[in-house]
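Now the structure itself:
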């Protein structure tokens, strides 16, 4: 579903970025991407989403190279950022219609999807109001709905549970599971290791732009360690080095 | 309180003209762009210097040196008044920063004063750029004594105060009125444009009264100009003459009046600041939406509609760009009502008027267009377009189309007035329509090209992008420059060959527009 090979991206005038990162996400994976602040999680996700260019490597989404055919690749996934900077001058429904138009979703299908997800997230009554009046959590919900209405095969999320109320968190987890059951995949970054441990079947830990661990959650559990202690070990190795 | 004012003012001033970002930015590409902006400003300052030196020299040469200080003070004041009115909502009542400061133990009037100080410092710099070259010419030719220099130089700190007080007062009233109304932006746009058109009309009315000059007026030129300045801005005359006559008492009275006025205005604004701020940023929610039937639109339509909504959501974006087509419309209405013979009668080549008008009309349209800042104004939302399955062409086409659709009604109405006024034959009609069309197309595409080269996404307020960015300055200058070059050629070539100038203009502008259009569409927006 998503293959990242030897991805390298460094920001100009800085040594920050990602170096030689390789990952493989298959259908039905819920892949957790964990790392400390400034490790390179958001940079990785933005490279996949086509927001940033990168220095070298390849990113293949559902068999399509994002560098060679970005339009086709972008039709197959949806990206949800950590900070929902949306068009404050649009109403919620205008934004959803905008996204639906870009993905050329037919009238009946978009009505059905918007009704379904906005009811689940209890956002329907606010869709007629300007996004500038929304709270952070409401914006987060709107961005999630917009990501789901074109039924992407791959969902890329950057810290999706930040700002969501508990009910919406449960709903989002259910949606993620459903996407995987239907042959899709999820790739998300998070700081909440409990969520990653319970929700994901695979995880990767990134440190200072480099991938240090990529494994099944089962192996972590079977080793007798918690994800948290594994993460702390990884960080400790750096300190002792 | 003084320490709070000092701390907050430093915070406001630290990034004056983007200096702090330039200082600490390690991105070489961004630094290079800053150099381009600095170069643009240097060019503009050079033009300004030349203009001031030119008219100062001219006035002194015809023996009118006594009115030079008043003239300079009037120009500075008009510039500050005109530009500051548009800044009040975006700078004085800026949301950015206020939400961080308001929970802190800081007085409201401290916030108002610190924001005023940042505007004041900018205006001092503008005042110096106009005053110093005039002073240099005056000093070189007239050789006044030291008191003159002291009075004139020290006045630079007080000249901006009254125009600033007026623009803050008017701007606050506009912001205050619009903040209480649901459709704040439209009210703010309407009021801001009305006020600025009033300023343009009033000042041009006074300067155009030179067309009524009689022989007696010419022989008493300084009185004539003085009467005009007295009607326009009497304070400039009082201050100017106090400097010339070394009348320290009058000079001191003038600067005291300006100080008292600005203090009063700041006190009034501080008193009402929180009420206006609260109303300005209060939002209406109905919270009663029910999903009905939804429409499907094409990608171009949906992107263009989004551009329009973005445009009209910002009073600063609108007021700073709509002036261009309004001025073009005003020009055509003036031609219709006063007749082109009257307007062009003072020119030796008035028979060239029919040839000149399309170029002047075109130049007016291109001074400030929307595409020049449309990419930068995406700001923090830029990620949305980049992550969607959209081609560069689709994204940029919508920006160009919005600009063209916006200009269309002004263009059509202006053309009607020009056609009625000039009653051109078929060929002249063709040039009247074709020349501005070609330049408007080029200007729109050029705006995109320049904004792709000099994008700025991490802005604090829209004023810095719409009014002060490299992109907006270069694009405005570019369109005008092309127009002026061909106007000059019209004067140079024999009358029989003016048709070739027009043909060359259309071909040149269209070819450049097409080349730039295709080049823009090749841009990989990931790198922007």
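Residue numbers (this note's numbering), protein chains in the order written: chain S, 22 to 262; chain Z, -15 to 512. Glycine included, each C-beta is placed from N, C-alpha and C at the ideal position. Quick caveat, the model's predicted, so the values are computed rather than measured.
- Short CB-CB distance (under 8 Å) between residue 297(Z) and chain S: yes
- Query: What residue range is occupied by the uninterrupted beta strand (DSSP E) comprising residue 26(S)?
  - Reply: 23 to 31
- Task: Please name the residue or residues paired with residue 116(S) in a DSSP beta bridge.
- Result: Answer by DSSP bridge pairing: none, since residue 116(S) is not bridged.
- Query: For residue 38(S), which of helix, strand or coil comes out of DSSP?
  - Reply: strand
- Task: Output the distance between the C-alpha atoms of residue 253(Z) and residue 98(Z), rounded to the nearest integer angstrom.
- Result: 13 Å
- Message: Suppose contacts are defined by Cβ-Cβ distances below 8 Å. Is residue 249(Z) in contact with residue 153(Z) by that definition?
- Response: yes
- Message: So the candidates are 57(S), 37(S), 32(S), 78(S); which of them puts its Cα closest to the Cα of residue 256(S)?
- Response: 57(S)
- Which residues share a DSSP beta bridge with residue 177(S)? 100(S), 208(S)
- For the beta strand (DSSP E) that residue 167(S) lies in, which residues bound it at each end? It is not in any beta strand (DSSP E) - residue 167(S) instead sits in the alpha helix (DSSP H) that spans 157 to 169.
- Item | C-alpha distance - residue 169(Z) paired with residue 131(Z), whole-angstrom precision | 49 Å
- Task: Closer than 7 Å, Cβ to Cβ, to anything on chain Z: give me those residues from the region 82 to 105 of chain S, in chain order.
- Result: 92, 95, 96, 100, 102
- Query: If residue 113(Z) and residue 32(Z) are in contact, beta carbons under 8 Å, what's the gap, nearest whole angstrom?
  - Reply: 6 Å
- Query: Going straight from the alpha carbon of residue 5(Z) to that of residue 439(Z), what length do you get?
  - Reply: 15 Å
- Task: Grab the span of the alpha helix (DSSP H) containing residue 429(Z) for me, first residue to last.
- Result: 410 to 437
- Item | Of the residues 445(Z), 289(Z), 498(Z), 430(Z), the one placed nearest residue 465(Z), counting alpha carbons only | 430(Z)
- Item | Terminal residues of the beta strand (DSSP E) in which residue 53(S) lies | 51 to 56
- Query: With a cut-off of 8 Å, do at least 3 Cβ pairs link the region 284 to 295 of chain Z to the region 106 to 120 of chain Z?
  - Reply: no
- Task: Assess, as a yes-or-no matter, whether the region 57 to 76 of chain S is touched by the region 132 to 148 of chain S under the definition of 3 or more beta carbon pairs within less than 8 Å.
- Result: no
- Which residues, in order along the region 200 to 225 of chain S, keep a beta-carbon less than 8 Å from a beta-carbon of chain Z? none
- Message: Would residue 127(S) pass as an interface residue toward chain Z - the criterion being a Cβ-Cβ separation below 8 Å?
- Response: yes
- Message: Using CA atoms only, rank isn't needed, just tell me which of -14(Z), 145(Z), 301(Z), 409(Z) is closest to residue 240(Z).
- Response: 145(Z)
- Query: Can you name the residues that DSSP bridges to residue 27(Z)?
  - Reply: According to DSSP, which records beta bridges pairwise, residue 27(Z) is partnered with nothing at all.
- Message: According to DSSP, is residue 245(S) part of a helix, a strand, or is it coil?
- Response: coil
- Using alpha carbons as the reference points, say which of 123(S), 178(S), 87(S), 157(S) lies closest to residue 28(S). 87(S)
- Among the residues of its own chain, which have a CB less than 6 Å from the CB of residue 424(Z), if the five just before and after it don't count? 349
- Item | Cβ shell of residue 178(S) (< 6 Å), same chain only, five flanking positions each side left out | 101, 209
- Query: Using the beta-carbon count (16 or more within 10 Å), is residue 97(S) buried or exposed?
  - Reply: buried
- For residue 379(Z) and residue 436(Z), believed in contact at Cβ under 8 Å, the rounded distance: The pair is not a contact, with the Cβ atoms about 11 Å apart (cut-off 8 Å).
- Query: Under 9 Å Cβ-Cβ, which residues of chain C neighbour residue 364(Z)?
  - Reply: Looking at the structure shown, chain C is missing, and the protein chains on hand are S and Z.
- Message: In whole angstroms, give me the CA-to-CA distance for residue 66(Z) and residue 413(Z).
- Response: 35 Å
- Task: With DSSP collapsed to three states, give me the class of residue 232(S).
- Result: strand
- Message: Residues in the same chain with beta-carbon distance under 8 Å from residue 175(S), minus the five sequence neighbours each way, listed in chain order, please.
- Response: 22, 23, 46, 82, 83, 97, 98, 99, 205, 206, 207, 208
- Query: Is the CB of residue 27(Z) under 8 Å away from at least one CB in chain S?
  - Reply: no
- Message: Do residue -5(Z) and residue 118(S) count as a contact pair if the criterion is CB distance below 8 Å?
- Response: no
- Message: Mapping the DSSP letters down to three states, classify residue 495(Z) as helix, strand or coil.
- Response: helix
- Item | Within-8 Å CB hit, residue 156(S) to chain Z | no
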